[in-house]
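Residue numbers (this note's numbering): 1187 to 1370. Even for Gly, the Cβ is constructed at its ideal location relative to N, Cα and C. Remember, predicted model here, so these are calculated numbers, not experimental data. Notes follow once the structure below has been shown.
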Amino acid sequence: MPTRDILALPAWARIGDARRAHVQRVAALLSEWGGAMAVDRSEQERWRRAAALHDAVKDAPRAFLREIAPDAWGLDKLRHGPAAAELARRDGERDEGVLDAVRYHSVGYARWDRVGRMLYMADYLEPGRRHRPAEIGGLADSVAADPDGALCAVARLRVGHNVSLGHPLLPETVAFWNALACDE
């Protein structure tokens, strides 16, 4: 999938070329799914905004992220989502679904609407990921036909990975997992 610039990043973005390419691949995957699912233009625009924002400050200095998102679970590696959501809010983004998608894209969120769920999957499934588990296989190809099933599969992989590493699960992640009620 080409990584040409298909969306503009906010002026306050602080990301390098590799991260920019990731953001573009996430946006391209969301665009592909939106087309395959015949999603209306206004919803696809929400997906594009969430993609552009989700890692917009991932490469920012820790001190900056701590200043913007002091209450981000106390974990520096997770501050970029809440910080980007706050900066987007200050910059005029008013769609709470987009802001929640950006804020919680790394951890999951039980009250997400469609944009949050789609971003969560695209961020994990985009084809440029270097550390993709073998289980992913054709999962990205199944999203358009079965988004709920694909979401369960992605959540199972992401949550399972954290559990396998012995990492504690955040309350938001547990609530997200419990809200999915995935059947085998």
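Identify whether residue i lies in helix, strand or coil by the three-state DSSP scheme.
i       : result
ILE1201 : coil
SER1350 : helix
TRP1259 : coil
GLY1221 : helix
PRO1188 : Caution is warranted here: a pLDDT of 43 is assigned to PRO1188, below 50, making its placement in the model unreliable, and the coordinate value is therefore given only provisionally. In the structure shown, PRO1188 sits in coil (DSSP, three-state: anything other than H, G, I, E or B).
GLU1279 : coil
LEU1264 : helix
LEU1193 : coil
LEU1273 : helix
GLY1335 : helix
TYR1290 : helix
VAL1340 : helix
ALA1367 : coil
ARG1211 : helix
In terms of residue numbering, what span does the alpha helix (DSSP H) encompassing residue i cover?
i       : result
TYR1306 : 1300 to 1311
ILE1254 : 1248 to 1254
ALA1326 : 1325 to 1328
SER1228 : 1227 to 1240
LEU1355 : Per DSSP, LEU1355 belongs to no alpha helix (DSSP H) and is neither H nor E.
Report, in whole angstroms, the separation of the C-beta atoms of residue i and residue j, which I expect to be a contact under 8 Å.
i       : j       : result
ARG1211 : GLU1358 : About 25 Å separates the two Cβ atoms, so there is no contact after all.
HIS1208 : GLY1294 : Their Cβ separation, rounded to whole angstroms, is 19 Å, which puts HIS1208 and GLY1294 out of contact at 8 Å.
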